Structure formats: C-alpha cells, structure tokens
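Colleague:
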Amino acid sequence: MCADKNMLNSFDPEKSNSLSDEDQTLLKKRQQLLSPSYRLFYDNPLHLVKGEGVWLYDNQGNRYLDTYNNVVSVGHANPKVVEAIASQAAQLNTHTRYLHHGIVDYAEKLLATFPSPLSQVLFTCTGSEANDVALRVARFHTKGTGIIVTKLAYHGVTAAVSEVSPSLGESVPLHHGVRTVNAPDVYRNTPQQAEEQFLSEIKAAIKDMRRHGIKPAALLVDTLFTSDGIYSHPVGILAKAAELIQEAGGLFIADEVQAGFGRSGEQMWGFQRHNLVPDIVTMGKPMANGHPVAAVVAKPEILEAFGKESRYFNTFGGNPVSCAAAMATLEYIESENLLSRVSAVGERMRQGFNSLAQDFELIGDVRGAGSFVGVELVLDREQKTPAKAETGRFVNMMREQGVLLSATGTLGNVLKIRPPLVFEEEHVDILIDKARQVFSSL
Ligand SMILES: Cc1ncc(COP(=O)(O)O)c(C=O)c1O
Numbered sequence: 007m008c009a010d011k012n013m014l015n016s017f018d019p020e021k022s023n024s025l026s027d028e029d030q031t032l033l034k035k036r037q038q039l040l041s042p043s044y045r046l047f048y049d050n051p052l053h054l055v056k057g058e059g060v061w062l063y064d065n066q067g068n069r070y071l072d073t074y075n076n077v078v079s080v081g082h083a084n085p086k087v088v089e090a091i092a093s094q095a096a097q098l099n100t101h102t103r104y105l106h107h108g109i110v111d112y113a114e115k116l117l118a119t120f121p122s123p124l125s126q127v128l129f130t131c132t133g134s135e136a137n138d139v140a141l142r143v144a145r146f147h148t149k150g151t152g153i154i155v156t157k158l159a160y161h162g163v164t165a166a167v168s169e170v171s172p173s174l175g176e177s178v179p180l181h182h183g184v185r186t187v188n189a190p191d192v193y194r195n196t197p198q199q200a201e202e203q204f205l206s207e208i209k210a211a212i213k214d215m216r217r218h219g220i221k222p223a224a225l226l227v228d229t230l231f232t233s234d235g236i237y238s239h240p241v242g243i244l245a246k247a248a249e250l251i252q253e254a255g256g257l258f259i260a261d262e263v264q265a266g267f268g269r270s271g272e273q274m275w276g277f278q279r280h281n282l283v284p285d286i287v288t289m290g291k292p293m294a295n296g297h298p299v300a301a302v303v304a305k306p307e308i309l310e311a312f313g314k315e316s317r318y319f320n321t322f323g324g325n326p327v328s329c330a331a332a333m334a335t336l337e338y339i340e341s342e343n344l345l346s347r348v349s350a351v352g353e354r355m356r357q358g359f360n361s362l363a364q365d366f367e368l369i370g371d372v373r374g375a376g377s378f379v380g381v382e383l384v385l386d387r388e389q390k391t392p393a394k395a396e397t398g399r400f401v402n403m404m405r406e407q408g409v410l411l412s413a414t415g416t417l418g419n420v421l422k423i424r425p426p427l428v429f430e431e432e433h434v435d436i437l438i439d440k441a442r443q444v445f446s447s448l
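In terms of the working numbering, the sequence shown opens at residue 7 and continues consecutively.
#1: State yes or no: is the C-beta of Gln364 nearer than 7 angstroms to some heavy atom of ligand 1?
#2: In whole angstroms, what separates the C-alpha of Lys426 from that of Arg217?
#3: Does the Cβ of Glu307 have 16 or more other Cβ atoms within 10 Å, making it buried, or fewer, making it exposed?
#4: Report the three-state DSSP secondary structure of Asp27 (helix, strand or coil).
#5: Can the beta-carbon of Thr229 be found less than 8 angstroms from the beta-carbon of Leu244?
#6: Whole angstroms is fine: what's the gap from Gly67's alpha carbon to Ala395's?
#7: Can you name the start and end residues of the beta strand (DSSP E) that Glu58 belongs to?
#8: Considering only the beta carbon of each residue, do Val420 and Val372 sit closer than 8 angstroms?
#9: Do Val299 and Met293 count as a contact pair if the criterion is CB distance below 8 angstroms?
#10: Quick check: the stretch 182 to 195 against the stretch 146 to 157, are there 3 or more CB pairs under 8 angstroms?
#11: Under 8 angstroms Cβ to Cβ from Met7, same chain only, skipping five residues before and after it: list those, please.
#12: Taking DSSP as the reference, what is the three-state secondary structure of Lys422?
#13: Quick check on DSSP: helix, strand or coil for Asp72?
#14: State the DSSP-derived secondary structure class of Thr148, mapped to helix, strand or coil.
#15: Report yes if the CB atom of Leu124 is closer than 8 angstroms to the CB atom of Val303, and no otherwise.
#16: Using a Cβ-based criterion (distance less than 7 angstroms to any ligand heavy atom), does Asp228 qualify as near ligand 1?
#17: Just checking my contact of Asp64 with Val77 at CB under 8 angstroms: how many whole Å lie between their CB atoms?
#18: Are the Cβ atoms of Thr164 and Ala301 separated by less than 8 angstroms?
#19: Is it the case that the stretch 235 to 254 contacts the stretch 174 to 182, given that we only count it when at least three CB pairs across the two stretches are under 8 angstroms?
#20: Any idea what DSSP makes of Gly376, helix, strand or coil?
#21: Where does Val139 sit, in a helix, a strand or coil, going by DSSP?
#22: Can we say the stretch 274 to 281 touches the stretch 107 to 118, given the rule of at least three CB pairs closer than 8 angstroms?
#23: Considering Ile220, what are the terminal residues of the alpha helix (DSSP H) in which it resides?
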C-alpha cells in the first residue's frame, strides 16, 4: 500500500510513525480485511469516535474543527435528524413500492425548492447512482451517447459514471463518447478569457463528437467545479454552456452533489447562481445529513418515456427512513434559516484568507461561493507556479493543529474548505487563527 497519486491527501504508510499501538493494529487489520481500494486521509490517519455539531473527536479525546465535511450540513449527530431516523426506523421501513405519506411528503418539499419545470424526482442511495440514472435518462431521451465533462471531473464510481469521471485517473478508461473541457480558471485567465475558452471548448467537443458519428447526450457539470479546483465565476457561464448543449440536441445535467442544499449561497442550488434551469439535476451527500439517500430531479417530459419504457427501481432509494432523515435535514435548514448566513460565513472565511495573503506570499488566490472556499497556493505570484508539496504539508499541519480540511484541483494546490452549514463566525476565527500559525511555520 502506498499514497495514491490520483488522490490528494491520501495516507502513505511509509510516512506514518506516530500511530498508537491500538491504531497500528487497527490499520493492519483494515489492510488485511478491506479491499485495497480504500484510502485514509492524512499522513497521520485519524481514528474518530464521535461527532457533534462542527466538532469531531478522536479515540484519545482530542477535538477537531471539521471544516471539510459537507455531508453533515446541519451538524454531526444533529438531534433532529437522529430522532427522525430513530422514530421512523422504529415504526416502518420498506421501499417505494408501497403507498407511504413520508415519501410523497418529502418529494413535495424537495421539489418546492426547484424552479417549476423541475417537478419530478427519482430516489437513489448515492450520488454515483444519481448520476448513473441521469446518464441513462439523458441517453434514453436524446438517443445520443456523447457526454461532455470537465478535465478533472468527479461524478462517482459506478461502471458508467466512472467512464465520465476523469479524476479517477488514467487506469480508469473514459467512455468513447466522452469529451473533456477545461473548467473556467479565473485565476490563470481573466474572467472573459476563461468564459470564452470554456464555451469554445464545449463547441469544439460537440463538433468532434459529430465528426466521430457520436450524437451528444449531455453536458454534465459539477456547478462549483470542485474537483477541477473550485471555480464559481464568472456567474452566468453555465447558462451559456447549457444553451450550447441544448442547441446540439443534448441535455444539461447539473451535478449538485457538492454544490447543492445551500452550500453555494443564499439559494438552494448551485445552478441558480448562474440563472439557468437544467434539464436534470443530481444531488446526494448532504441530503439527509449522512444517511445514504440521493436523487435525480428532472423535467417531467424528460422522465416520461424513460419512466414508462425503461425500468427503474431501487430497493433502498427513497425508503421511509431515508425520507424521514432527508425531511428532517431540509426542515432544519429552513427552520434555522441557514441559507441566510451561508454567504456571510463563507465571506468571512474568504476575507480571513485574503488578509493572510497580505502576509504570506504562498497564497495566490482565494475563491469560491457560499461556504465553499478554495485557496490556491503558489510558489511565486508572478508565474503562479503550483505549490503542491506545500499544500500537502499545510493540510497535514492543520490536522495536527486540530483543524480538518483537504486539497483539490488539477494542479493539486488548492485548499478545499467546506464546513457543515452550521459553521459560525467563531469557528471561522479559529480556522483563520490556526491557518496563520501554520503558514508562519510552513
Ligand atoms: C460532484 C460529485 N458527484 C458525485 C459524487 C458521487 O457521490 P457518492 O460518493 O455519494 O456516490 C461525488 C462524491 O464525492 C461528487 O463530489
């Protein structure tokens, strides 16, 4: 086992010498029993035993500020979600083949967060499955097979979805109908250049598909380009991109697994920042605060023929317990008015890193939207040479200081920060304070 060259912040056993005897034993057993597919985070892996709000606790009782967990958006072990899961599990758990109020009530509540043409839902258990179904629907509806994704896109792990996820690395083959485009990098280009390049690469991809006899089916985009390096601007760029694929007969699929459920600002969905209505939207991760449920939302005309002619049923997707957990999560977001403060907290994080940038040359760019923050580290601001090794060291040194975050990007030099939505000003101040200490000693 060694560190994974395709995954940033993955544990390399060669580097670890500080694990306790208990954790060494656990690690050995894990290596023996689990598939080698599994990776651990950090040079010094964490053995977590408890979570509460924005805090995680290890087996030694140490507390860590979780600035990386976008799954538990309403906080670790949120009591309302825990209670919803427990009481529904104690009552009944079946599947979507029986009439049940909880399933339909949740569908209604979820769909009310979407602009009106997006008015039907299919439930799955994971974001990968949601994207897998979205691909099936898009290909069925358009009769095409061509899919455009970004250069370092990650959309999941099923056989079909891994074929549209270049970030899995060179040994995972892409589908022959896949074309990749660069995400709009507004750090290395002006916003106008980034937009022109992004749109012209989409046009070229469509042209190239046609030249090879491939009919375009979809442009599939993570609406914050989180694996490519976190690009939230220029606002409106995705509306123009959607027009291009739709003119070519394909669909625009917004992957909201990362950006959705309020992560990207005052609005619930990342695509809303760009003022567009996708044909299909996929979502997952934070949907039920850690309970495995995900979904595909689409325009009814797109689901019509697929629903009648191409079978889809998912044993666990959208079961009553999952819907209760998802309902409690959405209700919590609303009752605590979380969306109204996501941007303010995110802005405070960005301002904090911008003020650190005055003292630390290593910080080249601070970006993002809502409470998704990217901080690009460079060796020199003139050439913008990526500081990949320093990024890795920073992530690990922060972990030693009790703050969890990670890294992303095509160049491996962007700090990725996306705390639970219940993150507050006082937590931002701890993050920035610890970051200052670590930058000072890097
Ligand atoms: C943008 C995006 N899409 C899809 C997925 C896959 O979701 P899951 O891990 O639930 O299968 C992920 C997971 O990280 C993701 O980030």
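Virtual Cβ for every residue (Gly too), placed ideally from N, Cα, C.
The structure presented is a predicted model; accordingly, all values stated were derived computationally and were not measured.
Modeller: Based on what the coordinates show:
#1: Along the sequence shown, read from residue 1 onward, the residue named residue 364 stands at position 358. No, ligand 1 has no heavy atom inside 7 angstroms of this Cβ.
#2: Looking up residue 426 in the sequence shown gives position 420. Looking up residue 217 in the sequence shown gives position 211. It should be noted that the sequence gives Pro, not Lys, for residue 426. Roughly 45 angstroms separates the two Cα atoms.
#3: Residue 307 sits at position 301 when you count from the first residue of the sequence shown. By the neighbour-count rule (16 or more Cβ atoms within 10 Å), Glu307 is not buried but exposed.
#4: Within the sequence shown, numbered from 1, the residue matching residue 27 stands at position 21. It is helical.
#5: Translated into the one-based positions of the sequence shown, residue 229 becomes position 223. Translated into the one-based positions of the sequence shown, residue 244 becomes position 238. The Cβ-Cβ distance between Thr229 and Leu244 falls below 8 angstroms.
#6: As a working note, residue 67 is residue 61 in the sequence shown. As a working note, residue 395 is residue 389 in the sequence shown. So the alpha carbons of these two residues sit roughly 30 angstroms apart.
#7: Here residue 58 refers to the residue found at position 52 of the sequence shown. For Glu58, the enclosing beta strand (DSSP E) has its first and last residue at 54 to 58.
#8: Your numbering for residue 420 matches position 414 in the sequence shown. Your numbering for residue 372 matches position 366 in the sequence shown. Between Val420 and Val372, the C-beta spacing is not below 8 angstroms.
#9: The residue labelled residue 293 in the question sits at position 287 within the sequence shown. The residue labelled residue 299 in the question sits at position 293 within the sequence shown. Judged by their CB atoms, Met293 and Val299 are nearer to each other than the 8 angstroms cut-off.
#10: Three or more pairs of CB atoms, one per stretch, sit closer than 8 angstroms, so the stretch 182 to 195 contacts the stretch 146 to 157.
#11: Here residue 7 is taken as the residue at index 1 of the sequence shown, counted from 1. Unreliable placement is indicated for Met7, whose pLDDT of 45 sits below 50; the coordinate value is still reported in the next sentence. Correct list, in chain order: Pro19, Gln37, Pro42.
#12: Residue numbering aside, residue 422 sits at position 416 when the sequence shown is read from its first letter. DSSP places Lys422 in strand when its eight states are reduced to three.
#13: Reading the sequence shown from its first residue, position 66 is the one you call residue 72. In the structure shown, Asp72 falls within a strand segment according to DSSP collapsed to helix, strand and coil.
#14: Residue 148 sits at position 142 when you count from the first residue of the sequence shown. Of the three classes helix, strand and coil, the one that applies to Thr148 here is helix, per DSSP.
#15: As a first step, residue 124 must be located in the sequence shown, where it is residue number 118. As a first step, residue 303 must be located in the sequence shown, where it is residue number 297. For Leu124 and Val303, yes; Cβs fall inside 8 angstroms.
#16: If you number the sequence shown from 1, residue 228 lands on position 222. Checking the Cβ of Asp228 against ligand 1 gives yes.
#17: Counting from 1 along the sequence shown, the entry for residue 64 is found at position 58. Counting from 1 along the sequence shown, the entry for residue 77 is found at position 71. Going by Cβ atoms, the distance from Asp64 to Val77 rounds to 18 angstroms, so no, they are not a contact pair.
#18: Taking the sequence shown and counting its residues from 1, one reaches residue 164 at position 158. Taking the sequence shown and counting its residues from 1, one reaches residue 301 at position 295. Result no, Cβ atoms of Thr164 and Ala301 do not sit closer than 8 angstroms.
#19: Counting C-beta pairs with one atom in each stretch, the stretch 174 to 182 and the stretch 235 to 254 have fewer than three that are closer than 8 angstroms, which means they do not touch.
#20: For the purposes of this step, residue 376 is taken as residue 370 along the sequence shown, with counting starting at 1. Gly376 falls in the coil class under three-state DSSP.
#21: Residue numbering aside, residue 139 sits at position 133 when the sequence shown is read from its first letter. Of the three classes helix, strand and coil, the one that applies to Val139 here is helix, per DSSP.
#22: Taking 8 angstroms as the limit for Cβ pairs, the verdict is that the stretch 107 to 118 does not touch the stretch 274 to 281.
#23: Residue numbering aside, residue 220 sits at position 214 when the sequence shown is read from its first letter. Ile220 -> no alpha helix (DSSP H), and no H or E assigned at all.
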